[in-house]
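So for the sequence shown, the numbering used here puts the first residue at 53; every next one is plus one.
Yeah, the Cβ is synthetic: ideal placement off N, Cα and C, and Gly gets one too.
Just so it is clear, the structure is predicted and the values come from calculations on it, not from any experiment.
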Amino acid sequence: MKRVFGLAIAAFVTITISGSAFAQDQIIRVGSLLTDAAAQPTGPATIFVREGKIAEIRIGPDSAPNAAAEVIDLSDKTVMPGLIDLHVHLTGDPGGDFWRETTEPAEWGVVVGAKNALVTARAGFTTVREAGSSQYSAFSLRRGTADGVIPGPRIIAAGPALAIVGGHGDVSGFTEDVNALLTSGYACTGAVQCAEKVRKASRAGSDIIKITATGGVLSQQGRGLEAQFTNEEMQSIATTAHSLGLKVMAHAHGARGIEAASRAGIDTIEHGTFADEAALKVMKANGTAMVPTLMAFKGVSEGLGKGIYTPVVEEKIRMTLNTVGKAVASAKRLGVPIVFGTDAGVFEHGRNAEELQLMVDAGLTPREAVASATTLAAKALDMENEIGRIAVGYSADLIAFDGNPLDDVKVLEKIDWVMVRGRIID
């Protein structure tokens, strides 16, 4: 028995050391350093990494080798902070086969998520906000990437979304007895019950509260894309979450649903497809940020007419296509914060950086698009003192590539090297 216990302790120590400890300092020689979306590339520089954090930055070529450190030669590459995607679904892959909910256990999401976490990190995304999953799958991935057991980005996890009964985010499309078996347990009716579900999510381990404030495109319910929660329910959710130190992200397409969510105090609007002047002015007044997820619409449009989606879903996709991106230009004009998120999982993981060019096409400058995926996204997470730029004391979340993204954001679609929390992603 003692020998078994001893072996278990040894295994635990091995896992802990390989997952969390850092054997030596790292010296990264950089061809051109972009420390911040507001800066200019510096030319040659050296970054010193210790225990997963940036310990020192020297501008200019480094000629003082350190025998005790691991030297990483990126002297022919541009290096900048890792990108941040505020809306992903790592535990799912694209497709219209909603019936899989009846055939695949929740645990399968962890397997799929481990695959997608690696793909996402290799694409240059070192922090993601997981925007809805089964009860514990995203939380398990969060722990796995934090401990270094699973290679992937830092994960800010919502867990199951709060929804109205039968609405987007709950279960629909089956008979009532099957719906009842598959529901996540986070649908709510009335302000009191919705507050309870926020507290339940907090107890379960959510880093952020996700709600589906309006109808959605890919769910089987055909009730349109306007508000689903009442004003009182949304206000209760926001107030309760904020009292627990949690922010709220709201899936929202229709203008009046967007306006109501922002007025209620929700922190970010996901999609914002039909946001009009009135809705955007409320967002501006309340400091609500927009997460446009333009790639989601590009991804689902690629599947139209191929038998992937049910007729009710195809109809909703077609409703959105002539409007996608228009709210971005209006939001910029009115001073609404625009931050980066893609809805990866609706389309293939790893294509996240294609969102940057779509944002530029919608009216942002390349610098604004890069800021949306670095400094502004970090601020939306209240992590602006930890990630989003290269600075002493910040997490060593770094990416390397060819070119200058301030001239052409498409260079970020091909990433050659990634470090997350001081760990190199192979």
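> Given Leu-59, which residues of its chain have a CB within under 6 Å of its CB, disregarding the five upstream and five downstream residues?
Replying inline: Low per-residue confidence applies at Leu-59: pLDDT is 40, beneath 50, and the placement is therefore not dependable, though the value from the model is reported in the following sentence. No residues qualify anywhere along the chain.
> Exposed or buried, which one is Asn-168 when buried takes at least 16 other CB atoms within 10 Å?
Replying inline: buried
> Just reading off the alpha helix (DSSP H) that Phe-349 is part of, what are its end residues?
Replying inline: 346 to 353
> By Cβ distance, which residues of its chain are closer than 6 Å to Ile-67, with the 5 residues on each side in sequence left out?
Replying inline: At Ile-67 the pLDDT is 36, less than 50, meaning the model places this residue with poor confidence and gives no usable figure here.
>> Counting C-beta neighbours from all protein chains within 10 Å, is the total for Val-65 16 or more, i.e. buried, or is it exposed?
In response: Any reading at Val-65 must be qualified, since the residue scores a pLDDT of 35, below 50, and its modelled position is unreliable; the value itself is stated next. Flag for Val-65 reads exposed.
> By how many angstroms is the C-alpha of Gly-176 removed from the C-alpha of Arg-473?
Replying inline: 13 Å
> In whole angstroms, what is the alpha-carbon distance linking Arg-181 and Leu-433?
Replying inline: CA-to-CA, the gap between Arg-181 and Leu-433 works out to about 9 Å.
> Looking only at its own chain, which residues have a Cβ that is under 7 Å from the Cβ of Glu-108, when we skip the five neighbours before and after it?
Replying inline: Phe-100 and Val-444
> Once you ignore the five residues that flank Thr-375 on each side, which residues in its own chain have a CB closer than 8 Å to its CB?
Replying inline: A distance below 8 Å between beta-carbons, with the five flanking residues on each side excluded, links Thr-375 to the following residues of its chain, in chain order: Thr-325 and Phe-326.
>> Three or more C-beta pairs under 8 Å: does that hold for the region 357 to 372 against the region 388 to 403?
In response: no
> What alpha helix (DSSP H) runs, 4 residues minimum, are completely inside the region 259 to 296?
Replying inline: 283 to 295
>> Measuring only the C-alpha atoms, how far is Asp-199 from Ile-260?
In response: 20 Å
>> Which same chain residues end up closer than 7 Å to Gly-104 when comparing Cβ atoms and leaving out the 5 residues on each side of it in sequence?
In response: Phe-74, Ser-447, Ala-448, Arg-473 and Gly-474
> Do Pro-205 and Ala-173 come within 7 Å of each other at the CB atom, strictly closer than that value?
Replying inline: yes
> How about Gly-165 and Thr-197: are their beta carbons less than 7 Å apart?
Replying inline: no
> Is the beta carbon of Val-422 less than 7 Å from the beta carbon of Val-343?
Replying inline: No.
> So is Gln-273 buried or exposed if we call it buried at 16+ other beta carbons inside 10 Å?
Replying inline: Answer is buried; the Cβ neighbour count reaches 16.
> What are the boundary residues of the alpha helix (DSSP H) that includes Arg-181?
Replying inline: Note, Arg-181: premise wrong, no alpha helix (DSSP H); beta strand (DSSP E) at 177 to 182.
> In this structure, what does DSSP give as the bridge partners for Met-342?
Replying inline: Ile-321 and Ile-390
>> Just verifying my parser: in three-state terms, what is the DSSP assignment at Pro-133?
In response: strand
> Would you say Val-162 and Leu-450 are within 7 Å of each other, going by their C-beta atoms?
Replying inline: no
> How big is the Cα-Cα spacing for Glu-156 and Gln-187?
Replying inline: 14 Å
> What separation, rounded to the nearest whole angstrom, lies between the Cα atoms of Leu-135 and Asn-231?
Replying inline: 38 Å
>> Considering only DSSP beta bridges, list what Met-371 is partnered with.
In response: Looking at the DSSP assignment, Met-371 forms no beta bridge with any residue, so it has no partner.
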